[in-house]
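From first to last, the protein sequence lines stand for chains A and B.
In terms of my numbering, the first sequence opens at residue 23 and continues consecutively.
In terms of my numbering, the second sequence opens at residue 23 and continues consecutively.
One structure is given here, and the rest of the page talks about it.
Number of protein chains: 2
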Amino acid sequence: MPPPSEPDPTAVGRRVRALREARGISLSALARLAQVGKATLSGLENGTRNPTLETLYAITAQLGVPLTAVLFEPGAEPTVRGAAVNAILLEVFNDSDATYELYRMRIAPGTDQLSPAHQAGVTEHVTVFAGVLRAGPADAPLTAAAGDHLRWASDVPHVYAAVGDEEVAATLLLRYPRKP
Amino acid sequence: MPPPSEPDPTAVGRRVRALREARGISLSALARLAQVGKATLSGLENGTRNPTLETLYAITAQLGVPLTAVLFEPGAEPTVRGAAVNAILLEVFNDSDATYELYRMRIAPGTDQLSPAHQAGVTEHVTVFAGVLRAGPADAPLTAAAGDHLRWASDVPHVYAAVGDEEVAATLLLRYPRKP
DNA sequence: TACTGCTGTTCCGTAAACGGAACGATCGAG
DNA sequence: CTCGATCGTTCCGTTTACGGAACAGCAGTA
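Written as C-alpha cells, this is what we have:
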C-alpha cells in the first residue's frame with residue numbers, strides 16, 4: 023500500500039485555530055482549559071512546533087472534537103492513497119496464526135498502480151463489487167468483473183488497474199501469516 | 023459535546039507492534055526504514071514515550087496504514103461519545119460569517135445526556151431521521167419525531183434523550199457565528 | 001569454542017517541546 | 001490620559017523525546 027496522506031503541521035495548526043475561533047474563546051483561555059502553556063498552543067497554531075500526541079489530544083478534547091478533526095481535512099476519511107488506488111482501512115483482525123487487514127478500495131480508471139513486494143507468505147484477496155479490475159503479480163495480472171474474487175501471493179511486485187472507464191469498487195483483504 | 027475517546031499511549035504502542043510483527047519485520051528494520059532511532063521505536067511500542075506527531079507519522083507511513091489505525095481501535099470511527107449520545111463529525115464549513123459543524127448522531131434509549139452551555143450566539147439544529155427525540159434547553163426541552171427539525175440557542179445547558187425504546191438517528195448542525 | 005550477525009533494550013548527549021514569566025499591543029472603564 | 005485586564009507573541013529555564021552507541025541475548029557457522 024502507498025503512503026497515507028500527510029498531516030501537514032501547518033494545516034493542523036490552522037484547523038486548531040479555526041476550531042478555537044469558531045468557539046469564540048481566546049488562545050489564552052484554551053491553553054488554560056487544556057492545561058498547556060500558552061507558548062505551546064501559540065507555536066502549535068502557527069506551525070512552529072511539532073506537537074506531542076499528548077498535548078494535541080489535550081487541546082482537541084477541550085475543543086470537543088476527535089483528534090482526526092485536526093489531523094486531516096474534516097470529512098476526509100482516513101485514506102491510504104496512491105495514483106490510482108484509494109483505500110480505507112476498515113478492520114484489523116489479530117488471529118492466532120495470522121493478521122488480516124480489511125480495506126475498502128476504489129480504483130480510478132485510466133491509470134495503473136504498482137505496489138512493491140510484501141513479505142513472503144503474504145496473500146491478497148480482492149472481491150470486486152463494481153467495474154472490471156485487472157490486478158495481481160506485475161508479470162501475470164488477473165482480470166475480475168463485479169462479483170468475482172481474486173487472490174495472489176504478494177511477495178512480488180503487483181499492480182492494480184481499472185479496465186474500461188468505470189471506477190472499480192472492491193474490498194481488499196491482506197493476510198499476514200504469523201512468523202513461527 | 024463530550025470529550026472524544028482517548029488514545030491510550032500504551033494501546034498505541036501495542037497496535038504499532040502488532041502491525042509491525044504482522045509484516046514480519048524487526049524493530050531494528052522498521053526504525054531504519056522510518057528513519058527514527060531504535061530507542062524511539064522501542065519506547066513507543068512499550069508505551070514509555072509520548073511520541074511526536076512527526077515520528078508517529080513516519081512510522082505509520084512505513085507500515086502503510088493511516089495514523090488513525092494506531093490512534094484508535096481499528097474500525098472504530100472517530101467518535102465523540104457521551105453517556106447516551108454517540109456522534110461523529112462529518113464536515114466543517116468555514117463560512118465568512120459563521121462556522122458550521124455537521125455531526126451524525128445516534129442516541130441510545132433509556133438515558134439522558136446533559137451538555138454544558140456554549141458561547142453566546144451558538145445555535146444547534148437537529149433533524150431527526152428515526153425515533154423520537156427530546157432535546158433542547160434543559161429547562162424547556164422540545165420533542166421531535168422522524169422528519170422533524172429542532173433548533174435552539176445553545177448558550178444554556180441543554181439535554182438530549184430518546185423518547186420510548188427506539189434508538190434515535192439524527193443529524194446535528196452546530197453553528198458558531200463569527201466574532202465581529 | 002569463538003565469531004558473526006542479528007534481535008530488542010538501555011544508556012547518554014543533544015535537540016526541541018514543554019510551562020511559566022515577561023513583553024508590547026489593544027481594549028474598556030474611570 | 002491612566003489604569004487594569006486581556007490579547008497573542010517571545011524569551012527562557014526545565015523537561016523530555018530524539019538518534020547513536022553500547023549492551024546482553026540468541027541463532028547459525030566454522
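The beta carbon of each residue, even a glycine, is placed where N, CA and C say it ideally should be.
This structure is a prediction, so every number in the text was calculated from the model and none was measured.
{"Asked": "Determine the burial state of P202 (chain A): buried for a count of at least 16 other Cβ atoms within 10 Å of its Cβ, exposed for fewer.", "Found": "Note that P202 (chain A) scores 45 on pLDDT, short of 50, meaning its location in the model is unreliable; the coordinates nonetheless yield the value given after this. It counts as exposed."}
{"Asked": "For my contact list, A192 (chain A) and F151 (chain A) are in at a C-beta cut-off of 8 angstroms; report their separation, rounded to the angstrom.", "Found": "6 angstroms"}
{"Asked": "Helix, strand or coil: which one does DSSP assign to V190 (chain B)?", "Found": "strand"}
{"Asked": "If you draw a straight line from the alpha carbon of R173 (chain A) to that of S64 (chain B), how long is it in whole angstroms?", "Found": "35 angstroms"}
{"Asked": "Run through chain B and tell me which residues come within less than 9 angstroms of R45 (chain A), C-beta to C-beta.", "Found": "T121, H140, Q141, V144, Y198"}
{"Asked": "Helix, strand or coil for P26 (chain A)? Go by DSSP, reduced to three states.", "Found": "In this prediction, P26 (chain A) has a pLDDT of 46, which is less than 50 and means its spatial position is unreliable; what the coordinates show is noted afterwards. Three-state DSSP puts P26 (chain A) in a strand."}
{"Asked": "Among the residues of its own chain, which have a CB less than 8 angstroms from the CB of H171 (chain B), if the five just before and after it don't count?", "Found": "H147, V148, T149, V150"}
{"Asked": "Beta-carbon within less than 8 angstroms of L136 (chain A)'s beta-carbon, same chain only, minus the 5 sequence neighbours each way: which residues are those?", "Found": "A160, P179, H180, V181"}
{"Asked": "Look up V181 (chain B) in the DSSP assignment and give the residues it is bridged to.", "Found": "B:L136, B:G158"}
{"Asked": "Out of curiosity, what's the CA-to-CA distance linking R54 (chain B) and T62 (chain A)?", "Found": "30 angstroms"}
{"Asked": "Judging by CA-CA distance, which residue of A:R126, A:I110, A:Q57, A:R42 is the nearest neighbour of L85 (chain A)?", "Found": "A:R42"}
{"Asked": "Shortest alpha-carbon distance to R36 (chain B) belongs to which of B:V92, B:N108, B:G158, B:I81?", "Found": "B:V92"}
{"Asked": "Which chain A residues sit within Cβ distance under 8 angstroms of N108 (chain B)?", "Found": "Per Cβ cutoff of 8 angstroms: no residues; N108 (chain B) is ~12 angstroms from chain A at best."}
{"Asked": "Using a Cβ cut-off of 8 angstroms, pull out every chain A residue sitting near T74 (chain B), in sequence order please.", "Found": "N72, P73, T74, L75"}
{"Asked": "Take M183 (chain A) and list the residues in its own chain whose beta-carbon comes closer than 8 angstroms to its own, dropping the five residues that flank it on each side.", "Found": "A quick correction: the sequence has Ala, not Met, at residue 183 (chain A). Around A183 (chain A): A106, I129, T133, D134, Q135, L155, R156, A157, P163."}
{"Asked": "Within the continuous alpha helix (DSSP H) that includes T77 (chain A), where are the two ends?", "Found": "75-85"}
{"Asked": "Between T90 (chain B) and chain A, is any beta-carbon pair separated by less than 8 angstroms?", "Found": "yes"}
{"Asked": "Mapping DSSP to helix, strand and coil, what is P131 (chain B)?", "Found": "strand"}
{"Asked": "Reducing DSSP to helix, strand and coil, say where G97 (chain A) ends up.", "Found": "Note that G97 (chain A) scores 49 on pLDDT, short of 50, meaning its location in the model is unreliable and no value can be drawn from it."}
{"Asked": "Checking the sheet assignment: what are the DSSP bridge partners for L172 (chain A)?", "Found": "A:V148"}
{"Asked": "Based on DSSP bridge pairs, tell me the residues matched to L195 (chain A).", "Found": "A:L124, A:H147"}
{"Asked": "So, for P138 (chain A): in the same chain, excluding its five sequence neighbours on each side, which residues have a beta-carbon less than 7 angstroms away from its beta-carbon?", "Found": "P179"}
{"Asked": "For L63 (chain B), report the span of its alpha helix (DSSP H) as first-last.", "Found": "60-67"}
{"Asked": "Could you give the residue range of the beta strand (DSSP E) that holds T165 (chain B)?", "Found": "164-166"}
{"Asked": "May I ask which residues mark the beginning and end of the alpha helix (DSSP H) holding S48 (chain B)?", "Found": "Looking at the DSSP string, S48 (chain B) is not in any alpha helix (DSSP H), and its letter there is neither H nor E."}
{"Asked": "So V178 (chain A) contacts chain B; which residues on that side make the cut at Cβ distance below 7 angstroms?", "Found": "Residues of chain B passing the Cβ test: none, with the nearest at roughly 16 angstroms."}
{"Asked": "Do you know offhand how far A40 (chain B)'s Cα is from A142 (chain B)'s?", "Found": "47 angstroms"}
{"Asked": "Using a threshold of 8 angstroms, state whether the C-beta atoms of T70 (chain B) and A44 (chain A) are closer than that.", "Found": "no"}
{"Asked": "Within 10 angstroms of the Cβ of T32 (chain A), are there 16 or more other Cβ atoms? Answer buried if so, exposed if not.", "Found": "exposed"}
{"Asked": "Going by other Cβ atoms of all chains shown within 10 Å of its Cβ, with 16 needed for buried, is G153 (chain A) buried or exposed?", "Found": "buried"}
{"Asked": "For the ligand FMN, is there a heavy atom less than 7 angstroms away from the beta-carbon of A44 (chain A)?", "Found": "Within the structure as shown, the ligand FMN is missing, as the structure has no ligands at all."}
{"Asked": "If we ignore side chains and look at the alpha-carbon of each, how far apart do K60 (chain B) and A51 (chain B) end up?", "Found": "9 angstroms"}
{"Asked": "For D187 (chain B), which residues in the same chain have their Cβ closer than 6 angstroms to its Cβ, ignoring the five residues on either side in sequence?", "Found": "P131"}
{"Asked": "Can you check whether the C-beta of V87 (chain A) is within less than 8 angstroms of a C-beta belonging to chain B?", "Found": "yes"}
{"Asked": "Look at the alpha carbon of V185 (chain A) and the alpha carbon of N108 (chain B), and state the distance between them as a whole number of angstroms.", "Found": "41 angstroms"}
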